[in-house]
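**Q**
2 protein chains.
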Amino acid sequence: MTFPDDQPLVLDSGQTLAPLTLAFETYGSLNADKSNAIVICHALTLDQHVASNNPLTGKPGWWNSMVGPGNIIDTDRFFVICVNVVGGCGGSTGPASINPATGKPWGTDFPVITIHDMVRAQVMLIDHLGIDQLFAVIGGSMGGMQVLAWAVDYPTRVHAAIPIATSYYHSAQNIAFHEVGRQAVMADPDWRGGDYYDAGLDGGPRKGLAVARMAAHITYLSEAALTRKFGRSLQDREKVTYGFDADFQVESYLRHQGITFVDRFDANAYLYITRAMDYFDLAADHNGHLASAFEGVQTRFCVISFTSDWLYSTAEARTIVKALNAAGGNVSFVEIESDKGHDAFLLDEPEMIATLNGFLDARARDCGLPTSAATPNIGVDG
Amino acid sequence: MTFPDDQPLVLDSGQTLAPLTLAFETYGSLNADKSNAIVICHALTLDQHVASNNPLTGKPGWWNSMVGPGNIIDTDRFFVICVNVVGGCGGSTGPASINPATGKPWGTDFPVITIHDMVRAQVMLIDHLGIDQLFAVIGGSMGGMQVLAWAVDYPTRVHAAIPIATSYYHSAQNIAFHEVGRQAVMADPDWRGGDYYDAGLDGGPRKGLAVARMAAHITYLSEAALTRKFGRSLQDREKVTYGFDADFQVESYLRHQGITFVDRFDANAYLYITRAMDYFDLAADHNGHLASAFEGVQTRFCVISFTSDWLYSTAEARTIVKALNAAGGNVSFVEIESDKGHDAFLLDEPEMIATLNGFLDARARDCGLPTSAATPNIGVDG
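Chains as they are written, first to last, in my numbering: chain A, 1305 to 1686; chain B, 1305 to 1686.
1. Ignore the nearest five residues each way along the sequence and tell me which others in residue 1322 (chain A)'s own chain have a CB closer than 6 angstroms to its CB.
2. Anything in chain B within Cβ reach of residue 1356 (chain A), meaning under 8 angstroms, just list it in chain order.
3. In chain B, which residues lie less than 7 angstroms from residue 1555 (chain A) when you measure between Cβ atoms?
4. If you draw a straight line from the C-alpha of residue 1331 (chain B) to the C-alpha of residue 1464 (chain B), how long is it?
5. In chain order, what residues of the segment 1516 to 1547 of chain B put their CB closer than 7 angstroms to some CB of chain A?
6. In chain A, what lies closer than 8 angstroms to residue 1476 (chain B) by C-beta?
7. Should residue 1434 (chain A) go down as buried or exposed, given a rule of 16 or more other Cβ atoms within 10 Å for buried?
8. Does residue 1676 (chain A) come out as helix, strand or coil in the three-state DSSP assignment?
9. Roughly how many angstroms lie between the CA atoms of residue 1673 (chain A) and residue 1454 (chain A), to the nearest whole one?
10. Give the secondary structure of residue 1515 (chain B) by DSSP, where H, G and I count as helix, E and B as strand, and everything else as coil.
11. Relative to the C-alpha of residue 1539 (chain A), which candidate in A:1531, A:1548 and A:1553 has its C-alpha closest?
12. Counting only the same chain and skipping the five closest in sequence on each side, list residues whose C-beta sits under 8 angstroms from that of residue 1401 (chain B).
13. With contact counted as at least three CB pairs below 8 angstroms, one residue from each stretch, are the segment 1364 to 1379 of chain A and the segment 1463 to 1483 of chain A in contact?
14. With which residues is residue 1277 (chain B) paired in a DSSP beta bridge?
15. Among residues of its own chain, excluding the 5 on either side of residue 1583 (chain A), which ones have a beta-carbon nearer than 7 angstroms to its beta-carbon?
16. May I ask you to report which of helix, strand or coil DSSP gives residue 1634 (chain B)?
17. Under 8 angstroms between beta-carbons, which chain B residues line up against residue 1493 (chain A)? List them in chain order, please.
18. Please report whether the beta-carbon of residue 1614 (chain B) lies at a distance below 9 angstroms from any beta-carbon of chain A.
19. Please report the distance separating the alpha-carbon of residue 1436 (chain B) from that of residue 1428 (chain B).
20. For residue 1641 (chain A), which of A:1316, A:1612, A:1574 and A:1481 has the nearest alpha-carbon?
21. Step through the CB atoms of chain A and report whether any lies within less than 9 angstroms of the CB of residue 1415 (chain B).
22. Does the Cβ of residue 1618 (chain A) have 16 or more other Cβ atoms within 10 Å, making it buried, or fewer, making it exposed?
23. With DSSP collapsed to three states, give me the class of residue 1655 (chain B).
24. By Cβ distance, which residues of its chain are closer than 6 angstroms to residue 1363 (chain A), with the 5 residues on each side in sequence left out?
25. If we count Cβ pairs, one from each stretch, closer than 8 angstroms, do we get three or more for the segment 1492 to 1507 of chain A versus the segment 1483 to 1490 of chain B?
26. Where does the unbroken alpha helix (DSSP H) through residue 1578 (chain A) begin, and where does it stop?
27. Indicate whether at least one CB of chain A lies closer than 9 angstroms to the CB of residue 1667 (chain B).
28. Using beta carbons (cut-off 9 angstroms, strictly below), is residue 1559 (chain B) in contact with chain A?
29. Given 8 angstroms as the limit, is there contact between the segment 1565 to 1582 of chain B and the segment 1524 to 1537 of chain B, that is, 3 or more CB pairs closer than that?
30. Excluding the five sequence neighbours on either side, which residues of its own chain have a C-beta within less than 6 angstroms of the C-beta of residue 1648 (chain A), listed in chain order?
31. Three or more C-beta pairs under 8 angstroms: does that hold for the segment 1542 to 1562 of chain A against the segment 1344 to 1356 of chain A?
32. Could you list which residues in chain B have their beta carbon closer than 7 angstroms to that of residue 1317 (chain A), in chain order?
33. Kindly identify the DSSP beta-bridge partner or partners of residue 1473 (chain B).
34. Output the boundary residues of the beta strand (DSSP E) element that contains residue 1331 (chain A).
35. Contact between the segment 1560 to 1574 of chain A and the segment 1583 to 1599 of chain A is defined here as three or more beta-carbon pairs at a separation below 8 angstroms; is this criterion met?
36. Just checking my contact of residue 1456 (chain B) with residue 1605 (chain B) at CB under 8 angstroms: how many whole Å lie between their CB atoms?
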């Protein structure tokens, strides 16, 4: 939907964005008292197609196994909303959108946005839908940052919050990896200072963006996962070629990750979203005291981390949990044993499924909503 | 020195390289029975200037504090040799050298070399110097791989071996990071398929090589080191700029690492040397059995790792130690507590200094060479 010009999105930078378009998907039905809404927040390179085919890639929803009728996030009971983040490239206003002042794509004239801006845009949609309080906000990675921002910025509007595989701030190492990606994009002469939209479908900084994706992708997997998946196995050959072809399967896999990414993602959007993540620091927003950020928050939290996630480590999740406890908050914490690295949150991890199911059922009981007992096919093996 | 055409370097690939030039530095004097020689093997982007100013950068030797008169590697007692690796860009034959068949720089026509080839070239120099057995071979990171290759390929010619912060093979994650760097270089149109030497001093793939260096540099530091050094501190400003300038100090630091690197390193050499490291797998060279690689090796080993090194982890060092034990080898192992990451081997880590001193003294006694007692200023605080 597109909000009228007199309903701009007010950004943390002080700038405003109008008209604001938000691309979103919904699943299930909003109940009569509008108490069964769940917002799912997506990660950096994902989109609003959480449980439906992505029309661009033709691929199934990125959390298809989690969201749907009879699934853990049960669309027979919950009304699920997933909004493409502002600054992105899935249909919401972003750097590839038309700048009304020029009639041309924004490019790098697009204002820098923050995680809080992404959430503020979602609030506009929730207001539009007439929903006072969300039953839950759920998300992994950058989605988890939005979950935290939701609870902190709108403490009365979120009953339950499930931040998964995420952090309350972007560490120096995380910023460093993002900066490598941005420099890879900007080093590509086809980036043209961000003004590449006239160059046709294949005219953008494809090589630079592919390199950025390759570097980032390494951080999404654990060393153990890479070793298990590929080790030093060679690609369709018995011995090394003494050359620079992709001798090793892991090289071929990474190249494929890079090449396919550029077909589905806008390079400028990658710059803007990584910047938003780098800027995220809930503690700094509250004079360096993370606990202060959570002061007065009534939301029930379920924080989930994965042992082998080195991008957003369990240590960072524990810091969130400690701050919530210090602020008198209500929090459950589950560290899940997995060697799959950061991307474990996108996979059918049985312990994550069981945790989500138990927590959502308990919160549903709080709110007088139906529980999973009504849909008997739910469960770890469901 | 340059070997005559009839003394080519025979490579693992089956190709030969002639004439072979080796650039090297020596420190101290070879004793009468030629029993006091130490070869120091350098890491990926380092060079032969281990303890003397680098004429290109004007910077002091990269292990100045370790190597010199009265230092731990005491040039009053030992004859220290450090050779620029073949395939590099410090004066030894590499892709920027003239291909005698064409009279032009080799570029990517240069043959792919391996860690074993690097060592084989060093053996030619050692033979030329008339040295039968080295007292010790010492090196960190890729230097450590050469140390292992020395001991395995020339089991009678190395009395003591000190591989530091290294591994017996390049893991999938390590290959992945190198592949990102190579793709960053190759994505730069100024790379021109490796044929950029005519383009003048500033004509190479500077942007791509800088991105490669930035990505690699992250892997040389631990997350803790990055957090301690930079955290989320801003660069000369009180608040973020809402832009893509280097707001954070860590961004500025990484950009500086990238920019300064391209002034001192040849992009093609970076491709060739990373490839050599990726190909390194001592176990695969011996039917997958690392212990078999060490069968019959008489060398005394001192293996050193650092707790926060995630590039070449302690687990990999332990695998080397176990294989040496299984092969009946003689090995000491020290895991040093440090939060400085992989690059700790380049720093004055007191425990590393003490370990090296103790091990070298014991080996000097084996060989009837003077010990550090003769140079009383050596020690942890020396």
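Virtual Cβ for every residue (Gly too), placed ideally from N, Cα, C.
**A** Well, looking at it:
1. 1309 and 1312
2. By Cβ distance, chain B contributes nothing, its closest Cβ being about 32 angstroms from residue 1356 (chain A), past 8 angstroms.
3. 1479 and 1483
4. 19 angstroms
5. 1518, 1519, 1522, 1527, 1530, 1531, 1534, 1535, 1536, 1544, 1546 and 1547
6. 1527, 1530, 1531, 1533, 1534, 1535, 1536, 1552 and 1554
7. exposed
8. helix
9. 22 angstroms
10. helix
11. A:1553
12. 1325, 1409, 1410 and 1414
13. no
14. For chain B, the structure presents residues 1305 to 1686; residue 1277 (chain B) sits outside this window and is missing.
15. 1418
16. strand
17. 1493
18. yes
19. 11 angstroms
20. A:1612
21. yes
22. buried
23. helix
24. none
25. no
26. 1571 to 1583
27. no
28. yes
29. no
30. 1610 and 1642
31. no
32. 1546
33. B:1585
34. 1328 to 1331
35. no
36. That pair is no contact at about 11 angstroms.
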